[in-house]
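The working numbering numbers the first residue of the sequence shown as 168 and each following residue consecutively. In what follows, a structure is listed as structure tokens, so that the remarks can point back to it.
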Amino acid sequence: MDGFLNVLKPPGMTSHDVVSFLRKKFNIKKIGHLGTLDPGAAGVLPICIGKATKLSQYVVSQSKTYRAEITFGFSTDSIDKFGNITNATPVKIFTIDRIQEVLTKFKGDILQVPPIYSAKKINGKKLYEYAREGKSIEIKASPICIYDIKLVSYDIPYRMMFDIKCSKGTYIRALVRDVCDNLNIAGYMSMLIRISVGPFSLENSYTLEDIKTDKYNMIEMSNVLPFPDVYLNNFDYKKIIHGRPIENNYLDVNSNFVKLYNPDNLFIGIGKVDSSKIYVERLLVGADD
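This is the structure:
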């Protein structure tokens, strides 16, 4: 069983809980999720199964979109509704122009400090473990990119909702924190839905109940990779499966990676394009297959 499954994660479950459910359902150990969702968040959680686990890094690196809600008035240590209150401020009314001005500040390439309650590792230890032990640690800012950010609604004066399209490594709770700091008001993330991860979207996702009752479709591995197709002839196929580079006589477009197919048009892995050659990047078959 090899492929991807687009799961609609419900709030209240961890991403690991979803993987555990699927391991039992399919009776297979080789399963992983692409991009952790907070337990309180809902939305798209792509799952890789079998050989698809070898391709996870190429999918998780694709852009993601979210819808988030901020509730104003108080902030918490976890920047969501599950944390301890750390600050409170009077609720005030903002103009739409003021909110748009602040949101625009975060568009493009920026540096972001991850939240202390997150799974990011420093010195081999997750940040939330330091937080739970009451230990302070320096958290360095990481480069991310916000491709688009826009206001969806403003429920004056208590809540605002906004959409974000961003790169891998973006923490929406940290973005909420920074937006509130710029507005000079306490606030926390009261809702988060992940709308898409690369080609995976809410529209083509499946609930756990769908999966439990076998009302789902697996996605073929090659269909989630945004790379050009290369259909190998017999000569080049034999070289590739033995790990040897081939001449790039297949592409007339610039691309760092390609999807490789054998002479029977079956997807066999990923090649890396370097100058005039194609090298093996990740193979799903061996020389004896």
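Don't be surprised by glycine CBs; every beta carbon is placed ideally from N, CA and C.
Quick one: grab the DSSP three-state call for residue i.
i: H409; result: coil
i: G438; result: strand
i: Y233; result: strand
i: T253; result: strand
i: G202; result: coil
i: L450; result: strand
i: M356; result: strand
i: E268; result: helix
i: Y404; result: helix
i: E383; result: Note that residue 383 corresponds to Tyr in the displayed sequence, not to Glu. Reduced to three states, the DSSP call for Y383 is coil.
Using the rule of at least 16 other Cβ atoms within 10 Å of the residue's Cβ for burial, across every protein chain shown, is residue i buried or exposed?
i: L427; result: buried
i: H183; result: exposed
i: N351; result: exposed
i: K272; result: exposed
i: Y325; result: exposed
i: A235; result: buried
i: Q229; result: buried
i: F402; result: exposed
i: V269; result: buried
i: L433; result: exposed
i: A308; result: exposed
i: G438; result: buried
i: T380; result: exposed
i: I252; result: exposed
i: G202; result: buried
i: L278; result: exposed
i: A255; result: exposed
Less than 7 angstroms separating the beta-carbons of residue i and residue j?
i: Y284; j: Y295; result: yes
i: V391; j: V280; result: no
i: I311; j: Y233; result: no
i: G210; j: F249; result: no
i: F171; j: P213; result: yes
i: P393; j: V425; result: no
i: A341; j: S242; result: no
i: I408; j: V343; result: no
i: V364; j: K176; result: no
i: N429; j: Y404; result: yes
Name the DSSP bridge partner or partners of residue i?
i: Y398; result: Y428
i: V364; result: K231, F367
i: S242; result: N254
i: P213; result: N173
i: D247; result: M356
i: E414; result: K444
i: G275; result: I313
i: Y225; result: Paired residues: none, contrary to the question.
- Query: For the segment 277–342, which segments carrying the alpha helix (DSSP H) assignment without a break, of at least 4 residues, lie completely within its bounds, in sequence order?
  - Reply: 294–299
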